[in-house]
Structures are given as structure tokens and as C-alpha cells.
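Note that the protein sequences, when read in sequence, are chains P and V. Just so you know, the first sequence maps onto residues 20 to 380 in our numbering. Just so you know, the second sequence maps onto residues -18 to 269 in our numbering. Notes for the one structure printed next.
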Amino acid sequence: MAQVQLKNVVKKYGAVGVVHAINLDIAEGEFVVLVGPSGCGKSTTLRMVAGLEDISGGEVIIGDRVVNDLPPRERNLAMVFQNYALYPHMTVRENLGFSLKIAKRPQAEIDRAVDEAAGILSLTPLLDRKPGALSGGQRQRVAMGRAIVRHPDVFLFDEPLSNLDAKLRTQMRVEIKKLHQRVGSTVIYVTHDQIEAMTLADRIVIMRDGHIVQVGTPLEVFENPVNTFVATFIGSPPMNLLEGVIRAGQVVLADGTAIPQPPGLNVAEGRKVQLGIRADNIMPEGHALPPTAHMAFVEMPVILTEPLGTETLLYATLSGTEMQAKMLNPRPVSAGERMRFGIALDKCHLFDAETGNSLRG
Amino acid sequence: MATASQHRIRKRALKVAHFAGLFLAMSIICLPGLWVVLNSFRPTVEIMAKPPVWIPESLSLDHYRAMFGGAGEGGVPVLTYFRNSLIISVTSTVIALLVGMAGGYAFARYRFKGKGVMFVALMASRAVPGVALSLPLFIIFGRTGIIDTHFGLILVYVAMNVPFTIWLIDGFFRQVPKELAEAAEIDGCTRWQAFWRVEFPVARSGIASAGIFAFLTSWNEYALASQLTRSATSKTMPVGLLDFTSQFTLNWGGMCALAVLMIIPALVLTFLVQKHLIAGLTFGGVKG
Chain P
20 MAQVQLKNVV KKYGAVGVVH AINLDIAEGE FVVLVGPSGC GKSTTLRMVA GLEDISGGEV
80 IIGDRVVNDL PPRERNLAMV FQNYALYPHM TVRENLGFSL KIAKRPQAEI DRAVDEAAGI
140 LSLTPLLDRK PGALSGGQRQ RVAMGRAIVR HPDVFLFDEP LSNLDAKLRT QMRVEIKKLH
200 QRVGSTVIYV THDQIEAMTL ADRIVIMRDG HIVQVGTPLE VFENPVNTFV ATFIGSPPMN
260 LLEGVIRAGQ VVLADGTAIP QPPGLNVAEG RKVQLGIRAD NIMPEGHALP PTAHMAFVEM
320 PVILTEPLGT ETLLYATLSG TEMQAKMLNP RPVSAGERMR FGIALDKCHL FDAETGNSLR
380 G
Chain V
-18 MATASQHRIR KRALKVAHFA GLFLAMSIIC LPGLWVVLNS FRPTVEIMAK PPVWIPESLS
42 LDHYRAMFGG AGEGGVPVLT YFRNSLIISV TSTVIALLVG MAGGYAFARY RFKGKGVMFV
102 ALMASRAVPG VALSLPLFII FGRTGIIDTH FGLILVYVAM NVPFTIWLID GFFRQVPKEL
162 AEAAEIDGCT RWQAFWRVEF PVARSGIASA GIFAFLTSWN EYALASQLTR SATSKTMPVG
222 LLDFTSQFTL NWGGMCALAV LMIIPALVLT FLVQKHLIAG LTFGGVKG
């Protein structure tokens, strides 16, 4: 186990910067998820930690060693690849034991380690098969087994679940979390799926265009997004954003609808803002959580419904913007029906219209 | 029901037609080869008979006996030619494979200046007909004194084969995902170990087919070998066939017998490696 530090880490391909001087401290045993849209530099960052990608500037420190110039094999880490990268010419047993064999450990020790890992991941009946004869989920488990056999300081996961179907993905997510609780190693996990990030992470690192936008626990980034990018990226469905101007303590939308400012905020008169409301915080009257002290009400026509069972997702328009709202204890709603919605203002966010940054200090 | 049985009949008829077609094609393709084998076992009179004798009346090993016999009885130094062929083909194949692996790997994995141009140039070098090179080669080899040596022919065959082995092996390494080598490196391999323990075994069948290709090219090559060899010190089997021609006669039976001896090793080799050729690559290790 070891801590990992990134200090002003830069990656450039020629003149093109891909990662711009990022700083990150990962504690021993912590599960950190790098998340962001494709091309945000998260995989590149992970590959720099792994040693598969040269570091153009700054330092990567694992434990107490600067590893910038160490080859991957001297960094004592394990990596699970998106396409699993199992060795197709070896059996599962050989795949699992490969790293120990390369390290010239005695055969008895290799066998013991392989059997232990196979037991943890229920791979024992598959040990003599080749990867070609395994299903996607089984290959995924072998790839994880190959990682845990070595007892590495740090586990690296590069979008390990994106090749699995939705159901299997949920299962493997749980297995990964259990595995982390069991072995307790430091984990750096890359994904573009915000649900994976929320469910797995001790801390989430949200990246965009080679910069770190926000670092925090899943609840922190969900409840206090620093800007509209994080607000719409984290959480499903994404946060609704309404453009408006502050007039007399209210957010006035383009069509004249006025919604009071969220409490505790004091924004200058005339400032252009975006009001952020999650679907959980805008609900039709009579189908909502008990009202809080700070409520506002708007009327909107429903244009589409998505019944999900325990709740129905309503699509409606407000001042020309499409909104998503949740309806608890749902009843059938027909398109075009006008409904009155309550907004829980204390859960809403205000962002600067130009920079997109949160106005909650 | 009627349609089902009709369907079955049509399916069977199609299968029969398929086989008949294949049989016809194969007999046309194989006929010259069979003719060679057949002729090596029958007397010259029968070979030369007009109209041709299709069903042989007598078979014998006379041509083989004569070929291995003394010089006066129409014998040729078969074993020496065989040895020459073997030394030249095997050595040039091994070298072409080593260079092909290094080059193919570099083309498949690395980015470097002039990569595209180099690749096209390598391929273009194959567009020059070998015979067109025979005169310049003859002059250069004559001047440098490597005419009629194993070394000279090996050099020529390596040059002929390298572009192709690079091209083939490049294709096979391209199919090996680079994550495999990366996983191996993280598992503790050096770059070199990652290649030999993971990438090479996965691409092995491709490399084997490139090897067969190179071997057969050098084993069967005649045009350049006939120019660049003089004596039993370096003559290969295809060139040895010419020993059966004399000023006024052609010993067809002997020639066929030597040709059969030439075909056998090539056939054996192909059978030995065909498992690799057919099995192809098993890419269970990665999904995508």
C-alpha cells in the first residue's frame, strides 16, 4: 500500500497539451475515481502513473519515491485494462501467475497465490481454460485476479466495466468495491460513467480538458458543484439550468417568470445568472416530498413522461428551457397537461451566467 | 412438409454440385503435379509416347536409381544440391524472419519519420522483376567474388524476402493489441521480455506463415539461382534440374524424379505448419 501524489503533472504531445499541471494527493488505501468526458485527460493521467506514458513535466510520487523515470515494472502496481488484455496463449492459471513467474518466485508460492485469488473471485473451476473460452464477465474477473495476485501498492483501473452489459456492470461494481474493502489497497479508477464514480469512490476527481475541475467525496460534488459543468455531469438526470437576471432578490427568467433566489445567497442586482435545480427538487404538487420552508411554485406544460415505477420522470418546458422533474407516487399524466410544480429553493444553486462558476461562496 | 423435403433435396443437390465443381477445379490444378510424379516412375518411351499413355503400363524406380547412380549412368549430385538448397533456404529464411520481425514490429508499434515512405519503398522494391536484376547482380557478384557461393544466394534471397516478411509480420503485430505488452510490462516484464513472452507467442502463427512463404520462395527460386551458381558448390535443386538436359536429349524421367524430391520437403513443411496457418490467432484475451 502506498500513497500517490501528482505534483504539477503535465502531458504534452508535441505542442499539444493534454494534461495541464494537475495536482492531486491520494491517501494510502483511498479509492479515488477520475471521471470526465472522453478526451479530458483522465486515462492519460492514469497511464502516466502506470509508467506507460512519459511524463512531460511535474512529478509522480508513489510511496516516497519519485517514479517519473522508473519503468512500469519497478512501480509495483497492477492495472486492469478496458479490454482486459489477458494473454490469449496462456490458461487462466498462467495468466494469474504470470507476474510472479516473471519475478521468479518459487512454484509453490505461485500456486498458493493463484489459488487464493481464484478463490476470492470464484475462478477456481476456470483455471485451466484459455481466455478465449471465457465470457466477458469471467474475463473481467481474471483481469482483476491478475491484479490482486501480486499484492501491489496501487491498483489502477482503466474503464474496466465499459465492455460489460448493464446488469453485469452493476454486479462487477459491487465486486470491485468488496475487493477494495478486502485488500485495502490504494485504487485509482478511471471512468466516464458518473454513476460508477459516485458508487465506488471515496473521493471523486472531476476532470475536463486536462484540468481538475473539482475534487471531493461523492456527496460533496453532488451537493456543492463548483460550476455548471460538474452540476450537469454528476447526478442523473442532469441538473436543470435556467437562464435569468437578478431583479429585487428574484431570478427573473426570459419569459418574465420570477423565482426567488435560493436562501443564503446575496447576488448583486442585474447580474446574469443560471439557476440550477435538480429533478429531485422540482416536483408536481401533491406528488412531492413534504414542502420545506423555502418553496417556490411555477406552472409548466408537461411534454413527455418516463414512468420508472416508483417515480415518473416528467419533461416540461419553463421559459423555453426543457426541464426534468420527478413525480413521486405517480399517476398517469398526458402530454400537454399543465401542472403546478414546487421548487425546494434551499436545494437550488446559482451560477454565474458567463463563467458558469457557483455563486455559493 | 412438401416444401421442407424440397428444401432438403435442393440443399443436397447444391452440395453435390459443389463437390463436383471443386473436384474439377482441383484436378485441373493438380494435374501437372500428378503428371510429374507419374512420369518419374515410368520409362522414357512411355513418357514420350504419342498419343499419350494415360494409364501407366509399368512403374519402376529406374529414374531414381539412375539419378543416385554414378556420373556415367546419368547420375547427378542430388545430395549435394539438396544440401545447398537446404543451407541457402533455411539460412535466408531465418534471417528474413528476424529482420521481418524487427521491421514489422517497428512498423506496427512505433511512429517515426518517413515511416509511410519507407513502407511504400519496401513494397515497391518487390515490383521490380527479379530477372531484371540478374545481370547487374551477376556483374556485382562476379566483381566481388561471391558468385557461386552460398553467401551470394543467401544475400539475394534475404533481399527478396525481407519486404514481404516485414509486410506480413507488420500485419500480424497490428492485430496484437498493444495493451497486451503494456499489461506484461506492468506485470514485471522488461520491454524485451514483454515481446518474447507475450507478443511473439500471440503472433507466432503469423510469423510461421511468413516463414513458410520465405522458405518456399528461396527453395523454388530458379531464375536468379541459375545465373549466380556455377558448380556443385552452390547449385540448388531447381538449377540441378538442368543437369538432365544435354545437347541433343532431354531426360524427362530423371528431371521428374528430381522434381519429386524437391516437392517433398516443401510439402512436409507445409503440413507441419499448417496447423498454425489454419488455427490463426486466438484473440480471446481482449474484447473489442
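Don't be surprised by glycine CBs; every beta carbon is placed ideally from N, CA and C.
Go ahead and pull the three-state DSSP assignment for residue i.
i	result
P/GLY355	coil
P/GLY17	In this structure chain P extends from 20 to 380, so residue 17 of chain P is not present and cannot be described.
V/GLY169	coil
V/GLU202	coil
V/GLN174	helix
P/ALA363	strand
V/LEU3	helix
V/SER39	coil
P/GLU288	coil
P/SER377	strand
P/ILE253	coil
P/LEU175	strand
V/THR263	With a pLDDT of only 44 at V/THR263, under 50, the local geometry of the prediction cannot be trusted, and no value is derived from it.
P/ALA335	strand
P/ILE223	strand
V/LYS256	helix
P/GLU304	coil
V/GLU180	helix
P/GLU239	helix
P/ARG84	strand
Mind checking if residue i is an interface residue toward chain V, Cβ cutoff 9 Å exclusive?
i	result
P/ALA104	yes
P/PHE117	yes
P/LEU96	yes
P/PHE100	yes
P/ALA21	no
P/VAL37	no
P/GLY164	no
P/LEU65	no
P/GLU373	no
P/ILE74	no
P/PRO90	yes
P/GLY33	no
P/GLY235	no
P/ARG169	yes
P/PRO385	Outside the shown range of chain P (20 to 380) lies residue 385 of chain P, about which nothing can therefore be said.
The alpha helix (DSSP H) that contains residue i, what's its start and end?
i	result
P/ALA152	Neither: P/ALA152 is in no alpha helix (DSSP H) and is coded neither H nor E.
V/ARG124	115 to 125
V/MET99	96 to 106
P/LYS197	185 to 202
P/THR218	213 to 219
What span of residues does the beta strand (DSSP E) with residue i cover, start to end?
i	result
P/ASN16	Outside the shown range of chain P, which is 20 to 380, sits residue 16 of chain P, and nothing can be said about it.
P/ASP371	368 to 371
P/ALA315	314 to 326
P/GLY77	76 to 81
P/HIS230	230 to 235
P/THR205	205 to 210
P/GLU72	Note, P/GLU72: premise wrong, no beta strand (DSSP E); not H, not E.
P/GLN269	269 to 272
P/MET342	340 to 347
P/GLN24	23 to 32
Under 9 Å, Cβ to Cβ, is there at least one residue of chain P near residue i?
i	result
V/ALA165	yes
V/VAL254	no
V/ARG178	yes
V/GLN174	yes
V/ARG185	yes
V/GLY269	Confidence at V/GLY269 is low in this model, with a pLDDT of 36, below 50, so the placement of that residue is unreliable and no value is reported for it.
V/THR(-16)	no
V/THR74	no
> Per the contact definition of three or more C-beta pairs closer than 8 Å, is the segment 272 to 292 of chain P in contact with the segment 2 to 9 of chain V?
Replying inline: no
> When the Cβ atoms of the segment 186 to 196 of chain P are set against those of the segment 25 to 45 of chain P, are three or more pairs found closer than 8 Å?
Replying inline: no
> Is the number of C-beta pairs between the segment 158 to 177 of chain P and the segment 89 to 97 of chain P that are closer than 8 Å three or more?
Replying inline: yes
> Going along the chain, which residues of the segment 139 to 169 of chain V sit with their C-beta nearer than 7 Å to a C-beta in chain P?
Replying inline: PRO158, GLU160, LEU161, GLU163, ALA164, GLU166, ILE167, ASP168 and GLY169
>> Please list, in chain order, the residues of the segment 309 to 342 of chain P that have any C-beta partner in chain V closer than 7 Å.
In response: none
> Between the segment 204 to 231 of chain P and chain V, which residues of the former have CB atoms less than 9 Å from a CB of the latter, in chain order?
Replying inline: none
> Does the segment 147 to 154 of chain P come close enough to the segment 105 to 112 of chain P to have 3 or more Cβ pairs within less than 8 Å?
Replying inline: yes
> Counting pairs of Cβ atoms below 8 Å between the segment 189 to 197 of chain P and the segment 227 to 237 of chain P, do you hit three or more?
Replying inline: no
>> Under 8 Å: do the segment 190 to 208 of chain V and the segment 129 to 139 of chain V share three or more Cβ pairs, one atom per stretch?
In response: yes
> Does the segment 163 to 178 of chain V come close enough to the segment 32 to 51 of chain V to have 3 or more Cβ pairs within less than 8 Å?
Replying inline: no
> the segment 297 to 309 of chain P: which residues have C-beta closer than 7 Å to a C-beta of chain V, in chain order?
Replying inline: none
>> Quick check: the segment 97 to 112 of chain V against the segment 177 to 196 of chain V, are at least 3 beta-carbon pairs closer than 8 Å?
In response: no
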